[in-house]
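For the protein sequence lines, the chains are A and B, in the order given.
Residues are numbered in this note's numbering as their position in the first sequence, beginning at 1, plus a constant of 202.
Residues are numbered in this note's numbering as their position in the second sequence, beginning at 1, plus a constant of 6.
We put the CB at the ideal spot given by N, CA and C, even for glycine.
Worksheet: the structure to be examined is printed underneath.
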Amino acid sequence: MLPVIFVMPVLQLLVLAFAVTFEIRNINLVVVDQDHTMMSRALISKFKAPTFYTIKGYSQTYDLAAEQLKVGKAHQVLVIPEGFEKDLVKDTKSKVQLVTNAIDGSAAAIMNAYGMNIIMDYNQDLVVETMGGEEFSQPFKISYSYWFNPQLNYTTYMVPGILALLVTIIGLFLSSMNVVREKEIGTIEQINVSPIKKYQFVAGKLLPFWFIALFELAFGLTLAHIIFDIPMIGSLWLVFGVASVYLFATLGIGLFISTLVNTQQQAMFLAWFFAVVFIMMSGLFTPVESMPGWAQQLNLINPIAYFIRMLRMILLKGSQFSDISRPFFSVVIYAVIALTLAVWRYRKVS
Amino acid sequence: MQPIIEVENLVKKFGPFVANDHLTFNVGQGEIFGFLGANGAGKTTTMRILCGLSSPTSGKVKVAGYDVYTQTENIKRNIGYMSQKFSLYDDLSIAENFQFYGGIYGLSVSKIKERTEELLGRLGFSGEKNRILKDIPLGWKQKLAFSVAVIHHPSIVFLDEPTGGVDPITRRQFWEMIYETANEGITVFVTTHYMDEAEYCQRVSIMADGKIVALDTPGNLKDTYKAATMEDVFLMIAR
């Protein structure tokens, strides 16, 4: 079991850091060009330039292209209607249609934005060509800068979150299976007839996993630094301080679950329930800001959300203790409550 | 004989089911007390109450001078328990199990070492102390579990069917251990289904349907029921 505990996080970090990305690198496009003019071809060639677009094919009718969309061969269909060039020249405006497969909503939004950008860009070129003058076309210029992650690098953003997950899974699952396992094999009887104190028993269950999880965090941070070159601006001491307290909370929840149930199956089910809800709501995969108000409120009782936030703040932004004191003390309260519940719920006398 | 376990009108109910119905008995210090009864007669329930693992519904119960309602932790400091189910840690070595349980009872490191050597020496296991428990045959494990139950030299040791599933030779050795333990002044409270073992006890009680239906020395019981063996007595009563 011990080797598994250490191999698992490495795989998790390596696979997830590369795989969990919202960038779309390969969009299959089918073009329906019913105009066949210089201008329509110019627009199509705009789509050929970026590496993330692959033109899968050309189709004469929209129906044939839509078929490609249905069978999953195409992500997007660009329709340039007949008379596109004529209208542009005559009325100085025309229409194109962009159809996107929205089975995956967030991917569709991104693909749509990509497509719109290219069409806008083409539009801009046309304006410059026909009206002349760069100044005219660009009355003002917007320049962006992204703080704390200037290149909007996905791994920079994801890896601290994945590290948080890794520590959480170790903490929550190992601890929730532990006490109940002793109930199943019967060794707990032998413990319960001994004069051991309840808090001693819980502490004994807590500490090994606490050390393992902290070790894994150190291990994960090292990998993150070597392989992904994750910035570590803030104090690593602070990172471990936060993690130590966070683990008391997570292990507390796990041990509480374990004292509550009678079989490992029940423990697994409960631990999964909490893990899935907490992870999905934590802001790791979707921004908390885009959740409805009540869901954001729910994150007040989500230890993972606090932990991910603090990890990102310390590692990427170099936050000091004073910057994270609020989430930090929330986690402290959480840990106290979870451990108290675990000690209270562990029964030596049935 | 000074009583070390005093039970008066002990009742234990699980919902409408009465597992222990007004039990009254005493066990004297240093005695080997056999607690017999058919499966489901309520033996294990009583034993769990005496060990402080379960609370009685009503009645007066004192173990080693402590009350089972309010002083379970004091009781636990003074007793040893070997459960029906094997309950040492299978993934630890013999020595590690001794260390662990010795530690729980607050023995010093040197004391644990001394007791481990002494108990393993008695079993002839001294050379095997680093073996992992899961590789050891059941009979041996039972003897080890018994040794762990007395590692802290308790006043009473409770044995719940200690010889279940064990071969006759090991059973014989097991009873030798029980006698040695009793000679050290430790009271032995033992349940069993083997009636030949009941003959080894100083006194036995026989339970049926949650009640104690007989309590005496094996000799007296055989006289009373005019039976040749304890097995015959048991069959007459417990049916």
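Note: D73 of chain B is bridge-paired with B:K68 in the DSSP secondary-structure output. Among the residues of chain A, those whose CB is under 8 Å from the CB of R83 of chain B are P397, following chain order. Here D27 of chain B carries a strand assignment [DSSP, helix/strand/coil]. By alpha-carbon distance to V479 of chain A, the top candidate from A:P505, A:S460, A:T461 and A:M515 is A:P505. In its chain, beyond the 5 residues on either side, K149 and F152 have a beta carbon closer than 7 Å to the beta carbon of M183 of chain B. Taking a Cβ-Cβ cut-off of 7 Å, E167 of chain B has no neighbours in chain A, whose nearest Cβ is about 13 Å from it. Cβ neighbours of I10 of chain B within its own chain (closer than 7 Å, five residues either side excluded): V33, G34, Q35, A70, S161, I162 and T193.
With contacts defined by Cβ atoms closer than 8 Å, N136 of chain B and A101 of chain B form a contacting pair. Note: G34 of chain B is bridge-paired with B:P9 in the DSSP secondary-structure output. Rounded to whole angstroms, Q522 of chain A and Y95 of chain B show a C-alpha spacing of 45 Å. S89 of chain B has a beta carbon lying within less than 8 Å of a beta carbon in chain A. At least one CB atom of chain A sits nearer than 8 Å to the CB of G58 of chain B. Per DSSP, the continuous beta strand (DSSP E) segment holding L300 of chain A begins and ends at Q299 to T302. A distance below 6 Å between beta-carbons, with the five flanking residues on each side excluded, links I516 of chain A to the following residues of its chain, in chain order: G436, L440 and V441. From the listed residues A:D327, A:P362 and A:L374, the smallest Cα separation to R511 of chain A is found for A:P362. Looking at the DSSP output, R209 of chain B bridges to B:F39. Boundaries cannot be given for K232 of chain B, as no beta strand (DSSP E) includes it and DSSP labels it neither H nor E. C-alpha of G495 of chain A to C-alpha of N45 of chain B: approximately 60 Å in a straight line. Among the residues facing chain B, E391 of chain A is included, as its CB has a counterpart in that chain under 8 Å away. Residue pairing by DSSP places V441 of chain A opposite no residue, since no beta bridge is assigned to it.
Using beta-carbon distances, Y185 of chain B does not count as an interface residue toward chain A, since no partner is under 8 Å. In this structure, the straight-line span from the alpha carbon of N230 of chain A to that of M322 of chain A is close to 20 Å.
Apart from the 5 residues on each side of it in sequence, A233 of chain B sits with its Cβ closer than 7 Å to the Cβ of V239 and M242 in its chain, given in chain order.
Put simply, the stretch 314-329 of chain A does not touch the stretch 261-269 of chain A. Fewer than three CB pairs are less than 8 Å apart. Q522 of chain A sits in coil when the DSSP states are folded into three classes, being neither helix nor strand. The Cβ neighbour count for Y107 of chain B, taken over all protein chains shown within 10 Å, is at least 16; the residue is labelled buried. For the stretch 410-490 of chain A, the continuous alpha helix (DSSP H) assignments of 4+ residues that do not extend past its boundaries occur at 438-462 and 466-483, in sequence order.
DSSP links M88 of chain B through a beta bridge to B:L165. S261 of chain A counts as buried, since at least 16 other C-beta atoms from the protein chains shown sit within 10 angstroms of its C-beta. E12 of chain B and I110 of chain B have their C-alpha atoms roughly 27 Å apart. Of all residues in the stretch 366-390 of chain A, only G388 and T389 come within less than 7 Å of chain B when Cβ atoms are compared, listed by chain position. Taking the Cα positions, I459 of chain A is about 34 Å away from L518 of chain A. For the stretch 99-130 of chain B, the beta-carbon criterion of a distance under 8 Å to any beta-carbon of chain A is satisfied by Y107, I110, Y111 and G112.
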